[in-house]
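Peer 1: First, the structure itself, so that you have it in front of you.
In the working numbering, the protein residues as written are 88 to 255.
Written out as structure tokens, the structure is:
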């Protein structure tokens, strides 16, 4: 059996040198890490004093909770906005009024065609015909910019202009 004392003195010297070099490298790395840790501690302490004694962990937890709550609120707002947008598609948002003289012997443009349409071009057109003896108002249904009954020129113009109106 070979014992440690049987090794040559030169080999033992080399092994001792290698161990010494490793120990010196470990000591250098320890000192570098220690100086970095001190810098980090100094920065952490200055941050703590800046935050008026609030712990960083508590602050991060509070911020995370707030972000989650805001995310949930955002989701509920998205749902509400979708419902409102759906409702707005059905509401009247395109309006056009055209005044005209329905009879040549009348002096003023007292007759009118009023188009009231939603985003899809569906709604009604109100037409008021004014003469010397009487005034009459007619209402005609409009479906996607078209009427099931015959329209006069002014009614068609009012519908066309109302449909071309761009709403945001």
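From the three backbone atoms N, C-alpha and C, an ideal C-beta is built for every residue, glycine too.
Predicted model, so just to flag it, every value in this text is computed and none were measured.
Which residues mark the beginning and the end of the alpha helix (DSSP H) in which residue 105 is found?
Peer 2: Where residue 105 is concerned, the enclosing alpha helix (DSSP H) stretches over 96-137.
Peer 1: Examine the Cβ distances between the stretch 222-229 and the stretch 201-211 and report whether three or more of them are shorter than 8 Å.
Peer 2: Short answer: they touch.
Peer 1: Which residues in the same chain as residue 225 place their Cβ atom closer than 6 Å to its Cβ, once the five residues preceding and following it in sequence are excluded?
Peer 2: Correct list, in chain order: 214.
Peer 1: Within a Cβ cutoff of 6 Å, which residues of the same chain sit near residue 223, ignoring the five residues on either side of it in sequence?
Peer 2: Hits under 6 Å: 216.
Peer 1: Who are the Cβ neighbours of residue 185 in its own chain at under 6 Å, not counting the five residues just before and after it?
Peer 2: Excluding residues within five positions, the ones whose Cβ falls inside 6 Å are 200, 241, 244 and 245.
Peer 1: Do residue 182 and residue 203 have their beta-carbon atoms positioned less than 7 Å apart in this structure?
Peer 2: Closer than 7 Å, so yes.
Peer 1: Write down the C-beta distance between residue 177 and residue 205 rounded to the nearest angstrom, noting that I regard them as a contact closer than 8 Å.
Peer 2: Contact flag correct, Cβ pair sits at about 6 Å.
Peer 1: Identify every residue that forms a DSSP beta bridge with residue 233.
Peer 2: DSSP output for residue 233 lists 230 as bridge partner(s).
Peer 1: For residue 218, report the span of its beta strand (DSSP E) as first-last.
Peer 2: Note, residue 218: premise wrong, no beta strand (DSSP E); not H, not E.
Peer 1: How is the beta strand (DSSP E) around residue 200 delimited, first residue to last?
Peer 2: Its beta strand (DSSP E) spans residues 198-204.
Peer 1: How many whole angstroms separate the CB atoms of residue 190 and residue 162, which I take to be in contact at a CB cut-off of 8 Å?
Peer 2: With a Cβ gap of about 60 Å, residue 190 and residue 162 do not count as contacting.
Peer 1: If you draw a straight line from the alpha carbon of residue 149 to that of residue 173, how long is it in whole angstroms?
Peer 2: Using only the alpha carbons, I get a separation of about 36 Å.
Peer 1: Per DSSP, what kind of secondary structure is residue 141 in: helix, strand or coil?
Peer 2: Looking at residue 141 - three-state DSSP - the assignment turns out to be coil, as it is neither helix nor strand.
Peer 1: Please report the straight-line C-alpha distance between residue 196 and residue 252, rounded to a whole angstrom.
Peer 2: C-alpha separation (whole angstroms): 23 Å.
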